[in-house]
Amino acid sequence: MNTASRIKPFVIKSLKELYNLDCSATELTISLTKPEFEGDYTIVLFSFVKQLKKSPEQTGKEIGDYLLKNHPHFFESYNVIKGFLNLTLKDSYWNQFLNENYSDKSFGLQSPTGKKVIVEYSSPNTNKPLHLGHLRNIFLGWSIAEILKAQGNEVIKTSVVNDRGIHICKSMIAWQLFANGATPESTGMKGDHFVGEYYVKFNDEYKKQVSELLAKGWNEKEAEKEAPVMKAAQQMLLDWEAGNPEVINLWKKMNGWVYDGFDITFKRIGADFTKMYYESNTYLLGKKFVEEGLKQNIFFKKEDGSVWIDLTGDGLNQKLVLRKDGTSVYMTQDLGLVDERYRDYHFDQSIYVIGDEQNYHMKVLKLILEKLGKPYANRIFHLSYGMVELPTGRMKSREGTVVDADDMVDEMNSVAKHKTEELGKVKDFSETELEELYDTIGLGALKFFLLRVDPKKKMIFNPEESVDFHGFTGPFIQYTYARIQSILRKEKPAEKGLASKPEAEPSSLFKLEKQLIIALEQYPSMIQQAGEEHNPSVIAIYVFNLAKTFNAFYTEHSVLNAETDEKKQLRLQLSVMTSRIIAYSMGLLGIRVPDKM
RNA sequence: GGUCCGGUAGCUCAGUGAAUAGAGCAACUGCCUUCUAAGCAGUAGGUCAUUGGUUUGAAUCCAAUCCGGAUCACCA
């Protein structure tokens, strides 16, 4: 239990005993005291002074006196400023907290909830390589999965591979037309990049053919519809659905190349999955939903045979759930997929990490499930995140302004290398150790940069800013960790620390020592908040502040040359606990920490 | 046009009912003979888009307006 929730009942009881006032825990506001005031925790008095018809100063004084009198081992002192009661806790309380928790490996972890949570993230198309937007998705999904694990949930990480459809056929057609049998091996290219090039080639050819038709006097709509490559792609989709072996073989071959490429990237950035779903296996599953919905009169059929749901009563539009030719649309597939997943896992919650451009789609999906009376309708949650934009605006693949994921990782890596060499602190590292360090720092910088902002908000990716390794960045925090490790290499803290001599009255804590302990104490509630809000940036901001506090402490107070042996043990404990919590927090963000940098 | 999201320091972002609105970057001043200066300390920088309302108290809640974005496909 954290300190704030220990104080609360004391205050509630004091209100009851002093004024016979019933106050619930939610009505009571208790927060960390702002640094410019004296105190550890602050109670806001305004909410009940009105009922008491007393001045806030008077009320604060009475509660403060009560708390000091009744809990003399807990509270040291208090002060009242305006309507705020600032409470200072005994140093012995903080000492004890540190003693009990500094080496606790499960600090902040919740006991098992028995709940099963599915996190779907990444979900790429197999026609082009991953870009910066995918990275935000992947880092976010991975991190939220880890955060939910720390909260005691059983978490299943999944991905839906969008491996079929017209867009896949486009790169296949282009490969047939232009490749002359070239392969990733023959060209030395990474498979996903190789296939992505043919997707681009298709679009180039398509544009060319459309403008040729326009020049011949066709109207735009017809030209777009009748361009030979587009016709060929559409025919290929039909052939694919019919199971034409030649098409299936090509499809398998090209998707295989893409998977080889994705595997390299996933491995490099630390993405992992419990189970992959392939759209080619699931795209037909939704059709039975359509029949079910028609039977229940939730869906209706139009004259041309297409099937719809009318959501105008819910303030939305009519939505297509099956094409007139009987083929599935996106919604059909998603209905089928959620059902399949429920059969597979009987999840308590299923989280979809999908961009906010699909807010409407996800809203409709949930609404349809509700109308169909599915038990899991309210267990699906759309973790919607904002697009990543460049200072010049939105990334557009057609205009070549997409930041490629592999390039980005390479770039961060080389910046890490460059800066490390410049500082020249790791001359004793072997070549492989150096490579690993660059990877840790470069990826750490990138992940932190993408995770430090609230997922809901769109973010601007400024290439210059992202390669900064100072301040509110991953490397700053990694550096703090490495500094601590440097201390701990020189001296291990005594096993029992201060607990070994309980007779001694510990000397009082310096301001920065206490500030650090209080920061450490926040960790469990930060995990909880991050989980509740589905928001890893809570952890990122927290761990940055923790590192900052440690650095201030580090500059002000020497650990190894502390004034007394007792202070030395205390500071060693602080160092151990800080470095652990930095490592855990960064771990929840998918970021490694180096022992030296 | 309907719906949804956003507008906070030059830039990127915290803060969602409480004290004098905070960080980082950029700018400027200091600090490496003692545990890693990828650090620390400090200066400067704000009409929290605008207007009105609710409240003891509003960047935060409500309403309207302005600006930006997303979405409303027999695309995914």
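Positions in the first sequence are counted from 1; adding 146 to them yields the numbering used here.
We put the beta carbon where it would ideally sit given N, CA and C, even for glycine.
### Query
Just how far apart, CA to CA, sit S317 and G416?
For the purposes of this step, residue 317 is identified with residue 171 of the first sequence, where counting begins at 1. For the purposes of this step, residue 416 is identified with residue 270 of the first sequence, where counting begins at 1. Between S317 and G416, the C-alpha separation is close to 28 Å.
### Task
Taking D502 as the reference, give the member of K520, H528, Y488 and D480 with the closest Cα.
For this step, residue 502 is matched to residue 356 along the first sequence. Residue H528 is the option with its Cα nearest to D502.
### Task
Please work out which residues of its chain come closer than 8 Å, Cβ to Cβ, to K642, disregarding the five sequence neighbours upstream and downstream, and give them in chain order.
Reading the first sequence from its first residue, position 496 is the one you call residue 642. Reliability fails at K642, whose pLDDT of 49 lies under 50, so the model's placement of it is uncertain and no value is given.
#### Entry: Per-residue burial, F446 [other beta carbons within 10 Å of its own, 16 or more giving buried]
Within the first sequence, the letter at position 300 stands for residue 446. F446 counts as exposed, since fewer than 16 other beta carbons sit within 10 angstroms of its beta carbon.
### Message
Using 9 Å as the threshold, is the C-beta distance between V195 and L174 below it?
### Response
Here the question's residue 195 lines up with position 49 in the first sequence. Here the question's residue 174 lines up with position 28 in the first sequence. Contact: no.
### Message
With a threshold of 7 Å on Cβ separation, who are the neighbours of Y429 within its own chain once the five nearest residues in sequence on each side are excluded?
### Response
As a position in the first sequence, residue 429 is number 283, starting the count at 1. Hits under 7 Å: R310, S474 and Q479.
### Query
Around the C-beta of A171, are 16 or more other C-beta atoms found within 10 angstroms, so that it is buried, or is it exposed?
As a working note, residue 171 is residue 25 in the first sequence. Exposed.
### Query
Would you say the region 610-620 touches the region 583-596, given that touching needs at least three Cβ pairs under 8 Å?
Touching, per the Cβ criterion.
### Query
With T695 and A729 assumed to form a contact (beta carbons below 8 Å), what rounded beta-carbon distance in angstroms separates them?
As a working mapping, residue 695 is identified with position 549 in the first sequence. As a working mapping, residue 729 is identified with position 583 in the first sequence. With a Cβ gap of about 16 Å, T695 and A729 do not count as contacting.
### Task
For the beta strand (DSSP E) holding W364, just list the boundary residues, first then last.
Residue mapping note: residue 364 aligns to position 218 of the first sequence, counting from 1. Per DSSP, W364 lies in no beta strand (DSSP E) and is assigned neither H nor E.
### Task
Give the straight-line distance between the Cα atoms of M541 and K565, rounded to the nearest whole angstrom.
Indexing the first sequence from 1 puts residue 541 at position 395. Indexing the first sequence from 1 puts residue 565 at position 419. So the two alpha carbons sit approximately 28 Å from each other.
### Message
Is it buried or exposed, I606, if we count other Cβ atoms within 10 angstroms and call 16 or more buried?
### Response
Your numbering for residue 606 matches position 460 in the first sequence. I606 should be labelled exposed.
### Message
I want to know whether the region 555-564 touches the region 572-591 - three or more CB-CB distances under 8 Å.
### Response
They touch, by the three-pair rule.
### Query
For the candidate residues K262, P275, K207 and D168, whose alpha-carbon lies nearest to that of S543?
For the purposes of this step, residue 543 is identified with residue 397 of the first sequence, where counting begins at 1. Nearest Cα to S543 within the set K262, P275, K207 and D168: P275.
#### Entry: Buried versus exposed, by CB contacts within 10 Å (16 or more), H277
By 1-based counting over the first sequence, the position of residue 277 is 131. Its Cβ being crowded by 16 or more others within 10 Å, H277 is buried.
### Task
Out of I633, Y669 and Q675, point me to the one whose CA is closest to G254's CA.
Locating residue 254 in the first sequence gives position 108, where the first residue counts as 1. Ranking I633, Y669 and Q675 by Cα distance to G254 puts Y669 first.
### Message
On the DSSP bridge list, what partners appear for V265?
### Response
In the first sequence, residue 265 corresponds to position 119, counting from 1. Answer is K303 and I497, bridged to V265.
### Task
Rounded to whole angstroms, what's the CA-CA distance from I314 to G439? Just pull it up for me.
The count along the first sequence starts at 1 and reaches residue 314 at position 168. The count along the first sequence starts at 1 and reaches residue 439 at position 293. Roughly 30 Å between the two C-alpha positions.
### Query
What does a CB cutoff of less than 8 Å around Q322 pick up in its chain, not counting 5 residues either side in sequence?
Walking along the first sequence from the start, residue 322 turns up at place 176. Answer for Q322: L396, listed in chain order.
### Message
Pairs of beta-carbons, one from the region 484-494 and one from the region 241-254, closer than 8 Å: are there three or more?
### Response
Proximity of the region 484-494 to the region 241-254 falls short of the contact definition, fewer than three beta-carbon pairs being nearer than 8 Å.
### Query
Thinking just about the alpha-carbon of each residue, which of Y424, K215 and E184 is nearest to the one in L231?
Position 85 of the first sequence, counted from the first residue, corresponds to residue 231. Ranking the options by Cα distance to L231, first place goes to E184.
### Message
Less than 9 Å between the beta carbons of W386 and T329, yes or no?
### Response
Reading the first sequence from its first residue, position 240 is the one you call residue 386. Reading the first sequence from its first residue, position 183 is the one you call residue 329. A distance of 9 Å or more separates the beta carbons of W386 and T329.
### Touch test, the region 682-689 against the region 288-302, Cβ-Cβ under 8 Å, three pairs minimum
Yes, since at least three Cβ pairs between the region 682-689 and the region 288-302 fall closer than 8 Å, the two stretches touch.
### Task
Along the beta strand (DSSP E) that carries T188, what are the first and last residues, could you check?
Position 42 of the first sequence holds residue 188. Its beta strand (DSSP E) spans residues Y187 to V190.
### Query
With contact counted as at least three CB pairs below 8 Å, one residue from each stretch, are the region 441-455 and the region 509-524 in contact?
With a cut-off of 8 Å, the region 509-524 and the region 441-455 count as touching, because enough Cβ pairs lie within range.
### Task
Between the Cα of E449 and those of D471, K434 and L457, spot the shortest distance and give me the residue it belongs to.
Within the first sequence, numbered from 1, the residue matching residue 449 stands at position 303. When each option's Cα is compared against that of E449, the closest is D471.
### Message
Excluding the 5 residues flanking V341 on each side, which residues of the same chain have their C-beta closer than 6 Å to its C-beta?
### Response
Here residue 341 refers to the residue found at position 195 when the first sequence is read from its first residue. The answer, listed in chain order, is S317, M400, W403 and V404.
### Task
State whether the region 528-539 contacts the region 495-513, with contact taken as three or more CB pairs (one from each stretch) at a distance under 8 Å.
Touching, per the Cβ criterion.
### Query
Excluding the five sequence neighbours on either side, which residues of its own chain have a C-beta within less than 8 Å of the C-beta of Q380, listed in chain order?
Mapped onto the first sequence, residue 380 falls at position 234. Within the same chain, Q380 has close Cβ partners I312 and C315.
### Message
Excluding the 5 residues flanking H339 on each side, which residues of the same chain have their C-beta closer than 6 Å to its C-beta?
### Response
Locating residue 339 in the first sequence gives position 193, counting from the first residue. The beta carbon of H339 sits closer than 6 Å to the beta carbons of P275 from its chain, once the five residues preceding and following it are set aside; these are given in chain order.
### Message
Spatial neighbours of P537 within its chain, please: C-beta separation below 7 Å, excluding the five flanking residues on both sides.
### Response
Walking along the first sequence from the start, residue 537 turns up at place 391. Counting only Cβ-Cβ distances below 7 Å, and skipping sequence neighbours, we find I606 and N608.
### Task
Can you give me the Cβ contacts of L734 inside the same chain, cut-off strictly under 8 Å, excluding the 5 residues immediately before and after it?
As a working mapping, residue 734 is identified with position 588 in the first sequence. Once the five neighbours on either side are set aside, the close Cβ partners of L734 are S289, E292, I293, A296, I673, A676, P682 and I685.
### Task
Return the CA-CA distance between G334 and F419, expressed in angstroms with no decimal places.
As a position in the first sequence, residue 334 is number 188, starting the count at 1. As a position in the first sequence, residue 419 is number 273, starting the count at 1. Approximately 28 Å between the Cα atoms of the pair.
### Message
At the level of alpha carbons, what is the spacing between V307 and S721?
### Response
Here residue 307 refers to the residue found at position 161 when the first sequence is read from its first residue. Here residue 721 refers to the residue found at position 575 when the first sequence is read from its first residue. So the alpha carbons of these two residues sit roughly 44 Å apart.
### Task
Determine the direct distance from the alpha carbon of H280 to that of F575, and round the result to whole angstroms.
Within the first sequence, residue 575 is the residue found at index 429, counting from 1. Within the first sequence, residue 280 is the residue found at index 134, counting from 1. Between the alpha carbons of F575 and H280 lies a gap of roughly 33 Å.
### Message
Using 9 Å as the threshold, is the C-beta distance between V265 and V499 below it?
### Response
Taking the first residue of the first sequence as position 1, residue 265 is located at position 119. Taking the first residue of the first sequence as position 1, residue 499 is located at position 353. Yes, the Cβ-Cβ distance between V265 and V499 is below 9 Å.
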